[in-house]
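Before any comments, here is the structure.
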Amino acid sequence: MTEEKKPAANPMGTKPVMRLLLTMAIPPMISMFTTSMYNIVDSMYVSAMGEKALTAVSLVFPLQNIILSVAVGVGVGMNSLISRAVGAGRGEEADEVASQAMLAGLLHFVGVVLIGLFLAKPYLAMYTKDAEILGMSTTYGRIVMCASFGTLIYIVLEKIFQAEGIMYVPMGCQLVGAVVNIILDPIMIFGKFGCPKMGVAGAAIATVIGQIVSLVLIVLLYRRGVSQVKVRLEYMRFNGVIMGNIYKIAIPSTLVMCMPSILVSVLNGILTSASQVGVAAFGLYYKLQTFVYQPSSGLVQALRPIVGYNYGARNYKRMNETVRTGLLVVGVIMTVGTVLFLAVPGFILSFFHAQGELLTISTACLRIISTGFIISSVGVVLAGTFEALGIGKYSLSISLLRQMTVIPILAPVMVRIAGLNGIWVTFPLAEIAAAVAGGLLYRKVLRHLPGKNA
Numbered sequence: 003m004t005e006e007k008k009p010a011a012n013p014m015g016t017k018p019v020m021r022l023l024l025t026m027a028i029p030p031m032i033s034m035f036t037t038s039m040y041n042i043v044d045s046m047y048v049s050a051m052g053e054k055a056l057t058a059v060s061l062v063f064p065l066q067n068i069i070l071s072v073a074v075g076v077g078v079g080m081n082s083l084i085s086r087a088v089g090a091g092r093g094e095e096a097d098e099v100a101s102q103a104m105l106a107g108l109l110h111f112v113g114v115v116l117i118g119l120f121l122a123k124p125y126l127a128m129y130t131k132d133a134e135i136l137g138m139s140t141t142y143g144r145i146v147m148c149a150s151f152g153t154l155i156y157i158v159l160e161k162i163f164q165a166e167g168i169m170y171v172p173m174g175c176q177l178v179g180a181v182v183n184i185i186l187d188p189i190m191i192f193g194k195f196g197c198p199k200m201g202v203a204g205a206a207i208a209t210v211i212g213q214i215v216s217l218v219l220i221v222l223l224y225r226r227g228v229s230q231v232k233v234r235l236e237y238m239r240f241n242g243v244i245m246g247n248i249y250k251i252a253i254p255s256t257l258v259m260c261m262p263s264i265l266v267s268v269l270n271g272i273l274t275s276a277s278q279v280g281v282a283a284f285g286l287y288y289k290l291q292t293f294v295y296q297p298s299s300g301l302v303q304a305l306r307p308i309v310g311y312n313y314g315a316r317n318y319k320r321m322n323e324t325v326r327t328g329l330l331v332v333g334v335i336m337t338v339g340t341v342l343f344l345a346v347p348g349f350i351l352s353f354f355h356a357q358g359e360l361l362t363i364s365t366a367c368l369r370i371i372s373t374g375f376i377i378s379s380v381g382v383v384l385a386g387t388f389e390a391l392g393i394g395k396y397s398l399s400i401s402l403l404r405q406m407t408v409i410p411i412l413a414p415v416m417v418r419i420a421g422l423n424g425i426w427v428t429f430p431l432a433e434i435a436a437a438v439a440g441g442l443l444y445r446k447v448l449r450h451l452p453g454k455n456a
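Residue numbers (my numbering): 3 to 456.
Below you can see the structure in the form of structure tokens.
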């Protein structure tokens, strides 16, 4: 009589937490860092064309972030449901969730294209009266939005892999796409090796080509059976219950990710009335802060499935240990970012040809806002934790405090008192408020866990 083989224990429930988190986090951290490189590299090359070109690309940031927000929002909702289903041993349910998320991604692509074609120019016209800047920003925005399927579909597949703890596949695909973008940027922007000089349009085309390359690679690997969660055609018929469960988490997450776009739009309106150079300076900060926040978001991506798995398995002590470990690691990342932004802002800004007034304003911006990086670790990690637990309203509350409450309310007042520096001061104040609220909400969650063994 042969003994039936027991399935191997899932490392998300057994491996030492610090080692597991770092093992799972390094790939998405690199992947998110790579994602930030798309905008950074574009801006580095575009800045050589002058402040107008740099301002044009900066104005498109909110639109680009909306594309990413929609994709990641659905991905987070799907990731949370899949990781909990896998943790509870419900494989077919995981397949249904993945299939519905893919349907959502395709529908979102259609919506983003329509927005790019008909709403991009009116939106951008609200923030500049300069015809040259408007023309460049509209061209850039329409290209990245109308070819956004590379991002929207890629992220659905990326989140499927990550929900199972498979982190290296998305990282590799993302790296290849970034390398393609970095190679093509100077060729298409400045017209090298027989390619016509396309300026800002070339930067946008290089970006979407890199994204499409990443998509092709991840599709090929997915079809080879690397993931056990399957997107099935028969499950892609609209399912209101599953789609509702995805969006219950996705909508708050999408709103959270859209908040930087809304915040940038609000502040661009304030900055435009105070200083057009301030718009470019703030645009540089927002691109540079991705070097700090994108790796942190990568760690939170790894944290979500571990928290979700152990919550589904009712291992609350391990779930809480994962959260504490995440706070420690993100805190280290934020500390490094703070030191760099305080100590060598001039060196960092030199890569963007910042001089004169732009250099002065940008330096102050980096130094003042970075004082809130370390305390922001609490809001960043706990927002991701609440998403993993399916408590989207708590995550949304933290993000509202970080980006849509303190800053928009105080910025119009502070700019009158202390000029542009007054605007920058509102950022660390917002992070303090979010950290306090997040800590109180997490304590409430722990108190209501069954058995209270956390």
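Glycine included, C-beta positions come from ideal geometry on N, C-alpha and C.
For clarity, every value in this text was computed on a predicted model and none was experimentally measured.
Nearest-angstrom beta carbon gap, residue j and residue i [assumed within contact, 8 Å]
i: Val202; j: Met128; result: Contact flag wrong, Cβ pair sits at about 19 Å.
i: Asn183; j: Val43; result: 6 Å
i: Val309; j: Thr387; result: 6 Å
i: Ala439; j: Ser399; result: 7 Å
i: Gln213; j: Thr153; result: 5 Å
i: Ile251; j: Gly392; result: 6 Å
i: Ile377; j: Ile434; result: 6 Å
i: Leu159; j: Val221; result: 7 Å
i: Met169; j: Pro30; result: 6 Å
Nearest residue (CA-CA) to residue i, options the options
i: Leu257; options: Met238, Tyr396 and Lys194; result: Tyr396
i: Pro430; options: Tyr224, Met261, Gln303 and Thr340; result: Thr340
i: Val48; options: Leu222, Phe354 and Ile370; result: Phe354
i: Phe35; options: Val417, Gly300, Arg418 and Phe343; result: Gly300
i: Tyr156; options: Cys148, Ile251, Leu108 and Thr365; result: Leu108
i: Met39; options: Thr337, Asp187, Asn423 and Ala345; result: Asp187
i: Gly374; options: Tyr313, Ile253 and Tyr295; result: Tyr295
i: Ile28; options: Val438, Pro262, Ala304 and Tyr249; result: Ala304
i: Val279; options: Gly91, Thr57 and Ile32; result: Thr57
i: Ser1; options: Gly52, Ala435, Ser255 and Thr130; result: There is simply no residue 1 to check, as the chain begins at 3 and stops at 456 in what is shown.
i: Ala180; options: Ser33, Arg225 and Ala106; result: Ser33
i: Ile425; options: Pro410, Tyr288, Gly193 and Ile69; result: Pro410
i: Phe111; options: Ile68, Gly196, Pro198 and Val178; result: Ile68
i: Phe192; options: Lys131, Gln405, Ala50 and Pro297; result: Ala50
i: Ser267; options: Leu177, Met406 and Ile211; result: Met406
i: Val524; options: Val447, Met20, Glu166 and Ile248; result: No answer is possible for residue 524: it lies beyond the span of the chain, which begins at 3 and ends at 456.
i: Ser101; options: Leu342, Val231, Leu265 and Thr209; result: Val231
i: Thr16; options: Ala385, Glu323 and Arg449; result: Glu323
i: Leu412; options: Cys197, Ser401 and Val427; result: Val427
i: Arg259; options: Leu24, Ala385 and Arg326; result: Residue 259 is actually Met in this sequence, not Arg. With distances taken between Cα atoms, Met259 lies closest to Ala385.
i: Gly174; options: His450, Gly93 and Leu217; result: Leu217
i: Arg21; options: Gly113, Ser401, Val447 and Thr327; result: Thr327
i: Ile207; options: Ile145, Val158, Gly246 and Ile253; result: Ile145
i: Ser84; options: Leu443, Leu116 and Ala390; result: The sequence shown places Ile at residue 84, not Ser. Closest option to Ile84, Cα to Cα, is Ala390.
i: Val171; options: Gly227, Lys194, Phe195 and Ile185; result: Gly227
i: Val74; options: Thr362, Asp132, Ala122 and Val302; result: Val302
i: Asp404; options: Met31, Leu265 and Pro124; result: Residue 404 is actually Arg in this sequence, not Asp. Nearest C-alpha to Arg404: Leu265.
i: Ala106; options: Ala432, Gln176, Ala122 and Phe151; result: Phe151
Beta carbon of residue i nearer than 8 Å to that of residue j
i: Ser229; j: Phe163; result: yes
i: Val233; j: Met104; result: yes
i: Leu223; j: Gly143; result: no
i: Tyr237; j: Glu95; result: no
i: Arg369; j: Pro347; result: yes
i: Ala90; j: Gly314; result: yes
i: Leu480; j: Ala420; result: Absent from the model: residue 480. The displayed extent of the chain is 3 to 456, so no value can be given.
i: Ala345; j: Asn423; result: no
i: Leu286; j: Ser364; result: yes
i: Val332; j: Val382; result: yes
i: Pro297; j: Ile335; result: yes
i: Met14; j: Tyr311; result: yes
i: Val417; j: Ala205; result: no
i: Arg320; j: Val19; result: yes
i: Ala149; j: Val210; result: yes
i: Val178; j: Leu136; result: no
i: Ser82; j: Arg306; result: yes
i: Lys54; j: Glu134; result: yes
i: Leu451; j: Tyr318; result: yes
i: Gly118; j: Met147; result: yes
i: Met261; j: Ser401; result: yes
i: Lys194; j: Met80; result: no
is_contact[residue i, chain D] using C-beta, thresh 8 Å
i: Gly280; result: Although the question refers to chain D, the structure presented lacks it and comprises just one protein chain.
Jot down the residue ranges of each uninterrupted alpha helix (DSSP H) in the stretch 383-451, minimum 4 residues, whole runs only, in chain order.
394-401, 408-420 and 422-449
Scan the stretch 163-239 and note each continuous alpha helix (DSSP H) run of 4 residues or more that stays entirely inside, going in chain order.
Segments of the alpha helix (DSSP H) lying fully in the stretch 163-239: 170-192 and 202-225.
Please go through the stretch 335-377 and give each complete alpha helix (DSSP H) segment of 4 or more residues, from N-terminal end onward.
347-352 and 358-372
Which runs of the alpha helix (DSSP H) fall wholly inside the stretch 47-124 and span at least 4 residues, in chain order?
Listed in chain order, the complete alpha helix (DSSP H) runs (minimum 4 residues) inside the stretch 47-124 are 53-89 and 93-120.
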